[in-house]
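Notes follow the structure.
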Amino acid sequence: MTRNQVGGSRGAARPSDASEGRGAAQRAAAAQDHERPVLEVDDACVTFSRRGAEPVHAVDHISLSMAPGSIVGLVGESGSGKSTLAKCIVGMQPLDSGSIRVNGMDVRQVAKLRGHERAGVVQMVFQDPYSSLNPRMKVGEAIGEVLDTYEDLDGAQRRSSVNELLDLVRLPAGIGDEYPSQLSGGMRQRIAVARCLAARPSLIVADEITSALDVSVQAVVLNLISSLHRELGFSMLFISHNLAAVRYISEDILVMHTGRIVERGNAEAIVRHPRDPYTRSLVSAIPSLDDAGRDVLYDPQWVAKQRRAVDGGEIR
Ligand SMILES: Nc1ncnc2c1ncn2[C@@H]1O[C@H](COP(=O)(O)OP(=O)(O)OP(=O)(O)O)[C@@H](O)[C@H]1O
Ligand SMILES: [Mg+2]
133 MTRNQVGGSR GAARPSDASE GRGAAQRAAA AQDHERPVLE VDDACVTFSR RGAEPVHAVD
193 HISLSMAPGS IVGLVGESGS GKSTLAKCIV GMQPLDSGSI RVNGMDVRQV AKLRGHERAG
253 VVQMVFQDPY SSLNPRMKVG EAIGEVLDTY EDLDGAQRRS SVNELLDLVR LPAGIGDEYP
313 SQLSGGMRQR IAVARCLAAR PSLIVADEIT SALDVSVQAV VLNLISSLHR ELGFSMLFIS
373 HNLAAVRYIS EDILVMHTGR IVERGNAEAI VRHPRDPYTR SLVSAIPSLD DAGRDVLYDP
433 QWVAKQRRAV DGGEIR
């Protein structure tokens, strides 16, 4: 592990045996080089300048390296530069200087790829799945359209692959015939995750994917991401302003403040013994207790109960 490398110790990279024999599910675990870092950010800088205002150093000399097969958490308060860094990684925001490589390929090269070659490198899941799903397209079609970039499937094969991906995100096959507006926020987010997995990316960047959801549904989505990760072994940069959520899902975290990474390493160690004053302020603000005083994100029985409620259709 290099000086800046995070992630990798939990279930390094390989999809678990649970995915053996699964069709779309198994293939959704992206092909990746198990030696090379899945993400390498080298001295990346982005500054926004506006006339009459101080320039904002949104990404200020950031370097990091992420081992494949890990979920690494990126946490920081609003305006710390998380989304700007995320956009740089997926090629939506150019760097002023520095470089970013995903699975060994410079993001500027990735931008020149087309179709499944491009889709298979890095995918982003956004905070608001409603804006990333076409309101006029049934959700099964939205997933099928991604599968079409890979394979020439006939109608039955396509339906079966779509259903398999829906099953993977714990949704019934019938949901495929519904439109995004007919689904709850949590269900839409699970469709966005299924769509992302259908592209089999080497790296998934998840930017505040639970922030717009009710607390009960947040726990369900976090739980789902965790179990999918155990099953498929994908690589994910999980971004949130919520340290409790990041700690729940990631073994290793990066703490971002005013465009810089101020602390990095094992999540439990950082939460228990934060060294940086900014991290200390985040730790003291973990809002993870529900009305009854239970730790919402860490009570496995509560999470299991919520999950049963979702499976039973009580929470949508
Ligand atoms: N296109 C832009 N033009 C000018 N300034 C920008 C632009 N995008 C972001 N910024 C500024 O860069 C800084 C970092 O913004 P960014 O959205 O990356 O933060 P964030 O950590 O994702 O915040 P949040 O938690 O609210 O999503 C902020 O000061 C923001 O106002
Ligand atoms: Mg953001």
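When the letters of the sequence shown are read in order and numbered with our numbering, they come out as residues 133 to 448. Every residue gets a Cβ at the ideal spot worked out from N, C-alpha and C, and that includes glycine.
Taking 6 Å as the cut-off, one finds at least one heavy atom of ligand 2 near enough to the beta carbon of residue 215. Inclusion of residue 211 in the 6 Å shell around ligand 1 follows from its C-beta lying nearer than that to a non-hydrogen atom of the ligand. Contact between residue 177 and residue 229 holds: their C-beta atoms lie close to 5 Å from each other, under 8 Å. Relative to ligand 1, the beta carbon of residue 185 is positioned no closer than 6 Å to any heavy atom. Rounded to whole angstroms, the gap between the alpha carbons of residue 301 and residue 175 is 36 Å.
Within the same chain, Cβ atoms closer than 8 Å to the Cβ of residue 253 are found at 234, 235, 237, 242, 245, 333, 334, 335, the five residues on either side in sequence being excluded. The beta-carbon distance between residue 212 and residue 389, rounded to whole angstroms, is 5 Å. This is short enough to meet the 8 Å contact definition. Taking C-beta atoms as the reference points, residue 370 and residue 205 count as a pair closer than 7 Å. Nearest Cα to residue 361 within the set 272, 326, 220: 326. Per the Cβ contact rule, the region 185 to 193 is not in contact with the region 316 to 331 (fewer than 3 Cβ pairs under 8 Å).
Closest in alpha carbon position to residue 196, among 358, 183, 386, is 386.
Taking all protein chains in view, the Cβ of residue 411 is crowded by 16 or more other Cβ atoms within 10 Å, so the residue is classified as buried. The beta carbon of residue 276 sits closer than 7 Å to the beta carbons of 290, 294 from its chain, once the five residues preceding and following it are set aside; these are given in chain order.
The C-alpha of residue 203 is placed about 5 Å away from the C-alpha of residue 382. Between ligand 1 and the CB of residue 188, the shortest heavy atom gap is smaller than 6 Å. Rounded to the nearest whole angstrom, the C-alpha separation of residue 285 and residue 366 is 24 Å.
For residue 249, the uninterrupted alpha helix (DSSP H) segment begins and ends at 247 to 251. The DSSP-derived three-state label of residue 322 is helix. Taking 6 Å as the cut-off, the C-beta of residue 370 does not count as close to any heavy atom of ligand 1. Counting other Cβ atoms within 10 Å of its Cβ, residue 379 reaches 16 or more and is therefore classed as buried. In this chain, the beta strand (DSSP E) harbouring residue 229 covers 229 to 234. In the three-state reduction of the DSSP assignment, residue 336 falls in the strand class. Residue 261 and residue 167 have their alpha carbons spaced roughly 33 Å apart. Excluding its 5 nearest sequence neighbours in each direction, residue 247 has C-beta neighbours in its own chain below 7 Å: 281, listed in chain order. Here residue 416 is exposed: its Cβ has fewer than 16 other Cβ atoms, across all protein chains shown, within 10 Å.
Less than 7 Å divides the Cβ of residue 395 from the Cβ of residue 408. Per DSSP, residue 371 lies in no alpha helix (DSSP H); the unbroken beta strand (DSSP E) holding it starts and ends at 368 to 372. With at least 16 other beta carbons inside 10 angstroms of its own, residue 208 counts as buried.
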